[in-house]
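Chemist: Counting from 1042, one number per residue, gives the positions in the sequence shown under our numbering. No residue lacks a Cβ here, since even glycine has one placed at the ideal position from N, Cα and C.
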Amino acid sequence: MKYLCSRHRAALAAQPWEALSCWEGAMRNGQQAIKENRHNYARAFFGCAWELAVMHVHPGCKVNAYFAVNHLVDAGDKLCRVLVAIDCLHETECLLRLMRDYVLLGAGDSALDAPRREQLLKLYNVVEELTQLCSPVRATQH
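(1) For Asp-1128, count neighbouring C-beta atoms within 10 Å of its own C-beta (all shown protein chains included) and say buried if the count is 16 or more, exposed if not.
(2) Starting from the Cα of Val-1110, find the closest Cα among Gly-1071, Leu-1061, Ala-1052 and Val-1125 and give me that residue.
(3) Beta-carbon within less than 8 Å of Leu-1045's beta-carbon, same chain only, minus the 5 sequence neighbours each way: which residues are those?
(4) Please return the same chain residues whose Cβ sits closer than 8 Å to the Cβ of Val-1123, not counting the five positions on each side in sequence.
(5) Considering only the alpha carbon of each residue, which of Val-1114, Met-1042 and Arg-1069 lies closest to Leu-1162?
(6) Less than 7 Å between the beta carbons of Val-1168 and Arg-1141, yes or no?
(7) Less than 7 Å between the beta carbons of Leu-1137 and Leu-1171, yes or no?
(8) Have a look at Pro-1156, Gln-1160, Arg-1158 and Tyr-1143 and flag the residue whose alpha-carbon is nearest the alpha-carbon of Val-1095.
(9) For Leu-1164 versus Val-1125, is the C-beta distance shorter than 7 Å?
(10) Could you compute how far the alpha carbon of Asp-1154 sits from the alpha carbon of Phe-1108?
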C-alpha cells in the first residue's frame, strides 16, 4: 500500500517537521472529503497520513520529536473506516495486519514507558474494533 510518490516519500522521510505538517493537512483534507461523501479522495488523504506516520513511528514505538503512536492510530483508524466504506476489503485486511504488527512490536519493548503502553492499548482496541467492523462485511461476501 503506497500512497506517496517516491519523490515525496524521500523528501518527507528526511524532514519530519515537514512530514508532520503534511500529516495534519492530509487528515484535515480527508475529514473534509468524508463530509463531502468523496470516499476515494478521503482514502488518498488518509493513506498519505498513514504512510507518513509509518515512516516516522519506528518499530518498538521509538519516535522522533514530531510523531507519536497516536498519529499512526488516528490515520490507520480513518483509513480503515474509509476502506470498509468503499469495499476495499483486501486492503483493509492488509492495513489491519500492519497495525497489529505495530502493537506486537511495541508490546515486546520492555523499555516502553506508561504513556506509550497506553497508546499501544488504544491502537490494539482500534485494531480489534476495526476487525469486528470488517467481519460482518466479509461474511456477507461469501
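Modeler: Per the coordinate set shown:
(1) Locating residue 1128 in the sequence shown gives position 87, where the first residue counts as 1. Looking at its Cβ environment, which holds fewer than 16 other Cβ atoms inside 10 Å, Asp-1128 is exposed.
(2) The residue labelled residue 1110 in the question sits at position 69 within the sequence shown. When each option's Cα is compared against that of Val-1110, the closest is Leu-1061.
(3) Here residue 1045 is taken as the residue at index 4 of the sequence shown, counted from 1. The answer, listed in chain order, is Leu-1053, Cys-1089, Glu-1092 and Leu-1093.
(4) Along the sequence shown, one-based indexing puts residue 1123 at 82. Only Gly-1071, Ile-1075, His-1080, Ala-1083, Arg-1084 and Phe-1087 meet the Cβ criterion.
(5) Within the sequence shown, numbered from 1, the residue matching residue 1162 stands at position 121. Nearest of Val-1114, Met-1042 and Arg-1069 to Leu-1162, Cα basis: Val-1114.
(6) The residue given as residue 1168 occupies position 127 in the sequence shown. The residue given as residue 1141 occupies position 100 in the sequence shown. It is a contact, given that the beta carbons lie within the stated cut-off.
(7) Numbered from 1 along the sequence shown, position 96 holds the residue referred to as residue 1137. Numbered from 1 along the sequence shown, position 130 holds the residue referred to as residue 1171. For Leu-1137 and Leu-1171, yes; Cβs fall inside 7 Å.
(8) Here residue 1095 refers to the residue found at position 54 of the sequence shown. It is Tyr-1143.
(9) Here residue 1164 refers to the residue found at position 123 of the sequence shown. Here residue 1125 refers to the residue found at position 84 of the sequence shown. No, the pair does not count as a contact, with Cβ atoms beyond the cut-off.
(10) If you number the sequence shown from 1, residue 1154 lands on position 113. If you number the sequence shown from 1, residue 1108 lands on position 67. When rounded, the distance between both Cα atoms is 16 Å.
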